[in-house]
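Going from the first sequence to my numbering is simple: count from 1 and add 354.
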Amino acid sequence: MLDLRMIRQNPDKVREGLAKKGEAAPIDEVLALDEQRRSLLTEVEQLKAKRNEVSEEVARLKREKQDAQHLIEEMRVVSQRIKELDDRVREVETKLQDLLLRIPNLPHESVHVGTSEDDNLEIRRWEEPRQFAFEPKPHWDLGVDLDIIDFERAAKVTGARFYFLKGLGARLERALINFMLDLHITEHGYTEVFPPFIVNAASATGTGQLPKFAEDMFKLEGMDYYLVPTAEVPVTNLYQDEILNMEDLPIYHAAYSACFRSEAGSHGRDTRGLVRVHQFNKVELVKFVAPETSYDELEKLTGNAEEVLKRLGLPYRVVLMSTADLGFSQSKKYDLEVWMPSYARYVEISSCSNFEDFQARRANIRFRREKGARPEFVHTLNGSGIAVGRCLAALIENYQQEDGSVVIPEVLRPYMGGLDRIAPAKKL
RNA sequence: GGAAGGGUGCCAGAGCGGACGAAUGGAGCGGUCUUGAAAACCGUCGAGGGUUUGCGCCCUCCGUGGGUUCGAAUCCCACCCCUUCCGCCA
């Protein structure tokens, strides 16, 4: 959520920023409602002050056994008027709030203007894609041939865009999760959190999924609960409605969670394999920091995510999103894209963003610089560190051998009982 | 799911229609005393909003949302959450 005062003071700056994102936000309407709200408040608050004053007078008269009937009559009318005005204030505030919750965040000044995903900027590249001396198989064939992924039975048991991992595939998934978490908590300074996989509407509003993107989540029947689309939601909301101490910042959390996405509107895209599914695993990194440090923290966060790919030996590139590809809540975002032989291109595997105070304002997460100082909103950041399913896909594709087996990267072997290779097994 | 009890400031805890934004402890902060510290004593100590150049003034907030009343932390209704017991259960 943008700061209403800021919109009031710099409406043009806001319009301009949103235009860069290709958004035409109802700023005029916001300003009008804000004006209305303040004028109603001035009126109703004067009446309330009057009422408080007279009520005290009534109390005094009653104590002195004097008649207060005329004052009571007079206040009956005033109270009625207050009630009417309060209703109007509420009405206006609801409208205003609803508009504000649907206005996207502004891009940071370091983000270049773009109009489509073609305008995104490659920042750096790590290692070059492997040259295969044979025709590499896509992971959906490899996984099936190795009998470590089963799409068909998942379609039977659940439906399209689900999968079973089996045998060493399941173990590899688990190994990746543990490897990533261990790296972040022991070397990058994150504190592990294991969050709920279901959140309420307030939390989903806090991080920005609601109210605009309700259809992207799975909602529980008859309840105000949603399956988490990412651990970002529960973990960012850990400190909702809290005032943190300056000395507690920065806070770094790493969290594993399953992620559930309805993938509404993506019919026909990436229909095969593990790239676009309704449920996947992810290790998420979340930071709460003082505003002046958040862009440095974004660079570090991105580096932490990159380290996962480096240690796994997976070629990748870092891409800076233009204003056109920034998400609703984001001020600046880097994507990590891993080389995917089956796509013959780089595929998004992590997204690292600074939200500045946009989420903090929605979720009411503040901090105090020192005792007695006014609370300020923190800046929140998060990034995948990294998406496990896509990582497994990239891994088996990049490490496949001509004989159909897959070599396990060195760093994962301790998590795989020392195993160095997944070989084709008898299919079940 | 059933029954009972409860949600008040950073924490503990009183208040149950009128001087209550809230007693009293404790913690924290500032000070006196002390070589220093402790103790003791004094003071201070919530958030949001409106208005104002500023000092300030005003409004709101006692789980949430409604209602009754001239006036609500206090009464009524609904919902949420917590605790205990029972049932069910990994």
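Note that beta-carbon positions come from the ideal geometry of N, C-alpha and C, so glycine has one too.
Beta-carbon proximity list for residue i, same chain, < 6 Å, skipping 5 on both sides
{"i": "residue 779", "result": "501"}
{"i": "residue 750", "result": "493, 496 and 760"}
{"i": "residue 628", "result": "743 and 747"}
{"i": "residue 515", "result": "631 and 632"}
{"i": "residue 585", "result": "549, 609, 611 and 638"}
{"i": "residue 471", "result": "679"}
{"i": "residue 475", "result": "674"}
{"i": "residue 408", "result": "425 and 429"}
Residue j beta carbon less than 7 Å from that of residue i
{"i": "residue 715", "j": "residue 731", "result": "yes"}
{"i": "residue 608", "j": "residue 531", "result": "no"}
{"i": "residue 659", "j": "residue 739", "result": "yes"}
{"i": "residue 645", "j": "residue 733", "result": "yes"}
{"i": "residue 610", "j": "residue 637", "result": "yes"}
{"i": "residue 693", "j": "residue 483", "result": "yes"}
{"i": "residue 615", "j": "residue 583", "result": "yes"}
{"i": "residue 656", "j": "residue 606", "result": "no"}
{"i": "residue 401", "j": "residue 426", "result": "no"}
{"i": "residue 521", "j": "residue 503", "result": "no"}
{"i": "residue 557", "j": "residue 587", "result": "yes"}
{"i": "residue 674", "j": "residue 375", "result": "no"}
{"i": "residue 652", "j": "residue 526", "result": "no"}
{"i": "residue 454", "j": "residue 355", "result": "yes"}
{"i": "residue 446", "j": "residue 534", "result": "no"}
Distance between residue j and residue i (C-alpha atoms, nearest Å)
{"i": "residue 545", "j": "residue 477", "result": "29 Å"}
{"i": "residue 368", "j": "residue 462", "result": "12 Å"}
{"i": "residue 420", "j": "residue 720", "result": "50 Å"}
{"i": "residue 469", "j": "residue 377", "result": "11 Å"}
{"i": "residue 766", "j": "residue 528", "result": "10 Å"}
{"i": "residue 394", "j": "residue 429", "result": "19 Å"}
{"i": "residue 549", "j": "residue 604", "result": "19 Å"}
{"i": "residue 769", "j": "residue 618", "result": "35 Å"}
{"i": "residue 863", "j": "residue 392", "result": "Residue 863 cannot be examined here, being either before or after the span of the chain that is shown, 355 to 782."}
{"i": "residue 431", "j": "residue 438", "result": "11 Å"}
{"i": "residue 706", "j": "residue 665", "result": "18 Å"}
{"i": "residue 698", "j": "residue 690", "result": "16 Å"}
{"i": "residue 360", "j": "residue 381", "result": "12 Å"}
{"i": "residue 405", "j": "residue 384", "result": "31 Å"}
{"i": "residue 398", "j": "residue 433", "result": "10 Å"}
{"i": "residue 781", "j": "residue 752", "result": "23 Å"}
{"i": "residue 543", "j": "residue 634", "result": "25 Å"}
{"i": "residue 710", "j": "residue 648", "result": "7 Å"}
{"i": "residue 695", "j": "residue 480", "result": "16 Å"}
{"i": "residue 727", "j": "residue 600", "result": "11 Å"}
{"i": "residue 499", "j": "residue 510", "result": "19 Å"}
{"i": "residue 416", "j": "residue 440", "result": "28 Å"}
{"i": "residue 775", "j": "residue 460", "result": "47 Å"}
Own chain partners of residue i with C-beta closer than 7 Å, once the 5 adjacent residues on each side are dropped
{"i": "residue 456", "result": "565 and 566"}
{"i": "residue 554", "result": "578 and 579"}
{"i": "residue 667", "result": "763"}
{"i": "residue 403", "result": "none"}
{"i": "residue 596", "result": "719"}
{"i": "residue 713", "result": "560, 561, 562, 590, 683 and 734"}
{"i": "residue 358", "result": "388 and 454"}
{"i": "residue 464", "result": "686"}
Presumed contact (8 Å Cβ cut-off) between residue i and residue j, rounded CB distance
{"i": "residue 590", "j": "residue 672", "result": "That pair is no contact at about 23 Å."}
{"i": "residue 685", "j": "residue 708", "result": "5 Å"}
{"i": "residue 473", "j": "residue 676", "result": "4 Å"}
{"i": "residue 756", "j": "residue 488", "result": "5 Å"}
{"i": "residue 352", "j": "residue 372", "result": "Any property of residue 352 remains undetermined from this structure, which presents the chain solely from 355 to 782."}
{"i": "residue 551", "j": "residue 581", "result": "6 Å"}
Enclosing alpha helix (DSSP H) for residue i [first to last residue]
{"i": "residue 371", "result": "365 to 374"}
{"i": "residue 661", "result": "648 to 666"}
{"i": "residue 498", "result": "493 to 499"}
{"i": "residue 589", "result": "586 to 590"}
{"i": "residue 406", "result": "381 to 417"}
{"i": "residue 434", "result": "423 to 455"}
{"i": "residue 532", "result": "521 to 540"}
{"i": "residue 599", "result": "Looking at the DSSP string, residue 599 is not in any alpha helix (DSSP H); the run it does join, the beta strand (DSSP E), is 596 to 599."}
{"i": "residue 750", "result": "742 to 752"}
Residue range of the unbroken beta strand (DSSP E) whose run includes residue i
{"i": "residue 729", "result": "729 to 731"}
{"i": "residue 692", "result": "686 to 694"}
{"i": "residue 703", "result": "699 to 708"}
{"i": "residue 642", "result": "633 to 643"}
{"i": "residue 609", "result": "605 to 614"}
{"i": "residue 548", "result": "Run containing residue 548: none; DSSP gives neither H nor E here."}
{"i": "residue 476", "result": "475 to 480"}
Proximity test, residue i beta-carbon vs the ligand SAM heavy atom, cut-off 6 Å
{"i": "residue 782", "result": "Looking at this structure, you won't find the ligand SAM or any other ligand, since it has none at all."}
Same chain, Cβ closer than 8 Å to residue i, five either side skipped, listed in chain order
{"i": "residue 722", "result": "597, 598, 599, 600, 728, 729 and 730"}
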